[in-house]
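Working notes, beginning with the structure itself.
So, in structure tokens, the structure goes:
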């Protein structure tokens, strides 16, 4: 076992507390690390579109020494409940429901944006597909179809396999993805995606050196809506 494999196994061996929070009628699945350390500040980890809380399982233990850490699966993704309609505002309320105090903006001291494809002001937003639910005859068949979007130059196979394992579920007629494939219907009509309000708390941004998501127009949008943006941190070879 090499050093990376050894580190991953140690991270995944740290068992978080699994719980759910009801937010406007939907059970939001959460994973928590070091939640009993009430004297420490909290950090909420939010995944990308159609992902889930388990994406953070190898990261969160490294933060738990300094923070109370919660990772959630947004509604319609991961092990959280599905809704009839989705919006970015709804996702925001699910996130703020997990803050240790109230959901007031003053309780959030900092925002870290990681390789996020913010739509430029008044520009076209990416249209999400609404394909039917895909079913596979076996667990192995479903795992064999798992893809990262975008795939990236050199994903770590062990991490990709771990994420894939937590991205599928068994139903009566086969295996399928955990995310709701019909989210795009309402999200494609969500006006909030292009009408972002100003952000007045400190913001940091992390992006991959070879990103195809946070391109210059997207970074420019982040600059436009923030009043205290730190210099971009570029993660090499990603």
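Numbering (our numbering), first residue to last: 22 to 259.
A virtual CB, placed ideally from N, CA and C, is assigned to each residue, including glycine.
Keep in mind the model is a prediction, meaning the values are calculated, not measured.
Pairing residue 88 with residue 116 gives a Cβ-Cβ distance that is not under 7 Å. Annotation for residue 227: the continuous beta strand (DSSP E) segment containing it runs 224 to 229. DSSP places residue 256 in the strand class (E or B) of the three-state scheme. The shortest CA-to-CA distance from residue 135 to any of 42, 25, 69 and 238 is the one to 69. Around residue 42, the same chain offers 49, 51, 118 and 119 as residues with beta carbons nearer than 7 Å, after the five sequence neighbours per side are excluded. Short of 7 Å from the beta carbon of residue 211, and not among the five residues preceding or following it, lie these beta carbons of its own chain, in chain order: 108 and 109. The beta carbon of residue 114 lies closer than 6 Å to none in the same chain, with the five residues before and after it left out. For the pair residue 237 and residue 253, the Cα-to-Cα distance works out to about 12 Å. The distance from the Cβ of residue 81 to that of residue 66 is about 6 Å, consistent with a contact at the 8 Å cut-off. Membership of residue 112 in the alpha helix (DSSP H) is indicated by the continuous run 109 to 117. A check of alpha carbon separations from residue 106 across 178, 209, 188 and 34 identifies 209 as the nearest. Contact between the region 89 to 102 and the region 222 to 238 is absent: fewer than 3 CB-CB pairs across the two stretches fall below 8 Å.
Beyond the five residues adjoining it in sequence on each side, residue 164 comes within less than 6 Å, by CB distance, of 185 in the same chain, given in chain order.
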